[in-house]
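Undergrad: Residue numbers (my numbering): 11 to 408. C-beta atoms are modelled at their ideal positions from N, C-alpha and C, and glycine is treated no differently. Dropping the structure in here first, questions after.
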Ligand SMILES: *Cc1c(COP(=O)(O)O)cnc(C)c1O
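Structure, rendered in structure tokens:
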């Protein structure tokens, strides 16, 4: 229904729609399928040829996808400007599958030091045991990444802004250095969502979403997406099919339904987050608010250049802190329940021991801090809640 000439808000609403395929129904129905039956051996062979050899979106076998999946895949592909998008059962499996699809035994991965910790665990665990070495690099490295490239470096993995520490990365400079050395570049793009940042358009090859977060948007499904350009497509396609990655149609449906309202939700997250961040910055106990949309954030210039908006996730760093004070704050928040994940309509808080796994560039801010997700509530209510909880933080600190 839409196309690459439309603006992002239009692509979010119409991308991947195919009413002819769906008998006129607005939303692609949920196709529950394992077996697909054929009228003849010739038709079966044709379906095999089209699906497996040519990679067409054609009904063949449930694991290979149904129209429910294709709608979401095509919508993300269009918005991110890729060649195709693959689905995985979680955001973490999107990260690990993307890595597996780019390397083999004896290869080397350059991984950003601020990466989501379960992705780091995969590199130190399974990936290492299969003979792939990982080196961690400073998130602020930019074009100096060139000095870390080895002849066997096949993948440079970025996450911008980084998990818990929120440093912005210079993706075009990193992509140029990586490509010169023959490596592909993957980006975990979950914070900005496919609406506010499109890494493929910045020169990267693979854009990963923990679609669990803003794409699903309602805290009720797990899903990962891997959007690829032509250079990355064959490797990722091979990993997805040989690993047997498949996503349930109900989850794909929920993700597509969430995706249709991405632009209105994210603009409200952004508006509320800006108000909360500006208020937090003025608080005497707050040393820094880690949020690249703030004009005095060290990553602000890169954010402004590469992103068209900000989401609702940020970090709070205190001048003085203790685990008990952070617990007192979080335990007395009423509108920010304590929970993992984020990206749903609701606000959340969790303690942050940012940077404790880091090896390339130590994180020197006082920890623990607090990571908050600013939801779609009224920002004045959120600020009032933070204010009373900071009172408990201060009393616990003594
Ligand atoms: C949450 C998250 C993931 C993992 O997503 P799941 O769906 O929970 O597996 C990966 N990367 C980032 C940046 C995340 O925030």
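1. Our contact map puts residue 303 next to residue 320 with C-beta atoms below 8 Å; I'd like the distance itself, whole angstroms only.
2. On the criterion of 16 or more Cβ atoms from any shown chain inside 10 Å, does residue 67 qualify as buried, or is it exposed?
3. Run through the region 234-278 for me and flag every whole beta strand (DSSP E) of 3 or more residues, listed as ranges in chain order.
4. For ligand 1, I want to know if residue 175 counts as a neighbour, meaning its beta carbon is within less than 7 Å of at least one of the ligand's heavy atoms.
5. Quick one: residues in its chain with C-beta nearer than 6 Å to the C-beta of residue 285, no 5 flanking neighbours on either side, listed in chain order?
6. Can you check whether the CB of residue 296 is closer than 8 Å to the CB of residue 376?
7. How many angstroms separate the CA atom of residue 354 from the CA atom of residue 145?
8. Spatial neighbours of residue 239 within its chain, please: CB distance less than 7 Å, with the 5 preceding and 5 following residues excluded, ordered by chain position.
9. How is residue 188 classed by DSSP in three states: helix, strand or coil?
10. In chain order, what residues of the same chain lie with their CB nearer than 7 Å to the CB of residue 70, ignoring the 5 residues before and after it?
11. According to DSSP, is residue 381 helix, strand or coil?
12. By Cβ distance below 8 Å, which residues in the same chain neighbour residue 155 in space, the five residues on each side in sequence not counted?
13. Is the region 94-112 touching the region 217-236, taking contact as three or more C-beta pairs under 8 Å?
14. Does the count of Cβ pairs from the region 121-137 and the region 367-383 closer than 8 Å reach three?
15. Can you give the Cα-Cα distance for residue 233 and residue 49, rounded to whole angstroms?
16. Taking the beta carbon of residue 362 as the centre, do at least 16 other beta carbons fall within 10 Å, making it buried, or is it exposed?
17. Let me confirm a value: residue 164 is counted as buried when at least 16 other C-beta atoms fall within 10 Å, else exposed. Which label applies?
18. Helix, strand or coil for residue 210? Go by DSSP, reduced to three states.
19. Tell me, to the nearest whole angstrom, how far the beta carbon of residue 322 is from that of residue 282; I am working on the premise that it is less than 8 Å.
20. Check each candidate in 13, 54, 18 and name the one with the smallest Cα separation from residue 269.
TA: Well, looking at it:
1. 4 Å
2. buried
3. 234-238
4. no
5. 389
6. no
7. 33 Å
8. 92, 93, 210, 215
9. helix
10. 46, 57, 58, 61
11. strand
12. 120, 147, 166, 183, 184, 187, 188
13. yes
14. yes
15. 34 Å
16. buried
17. buried
18. helix
19. 7 Å
20. 18
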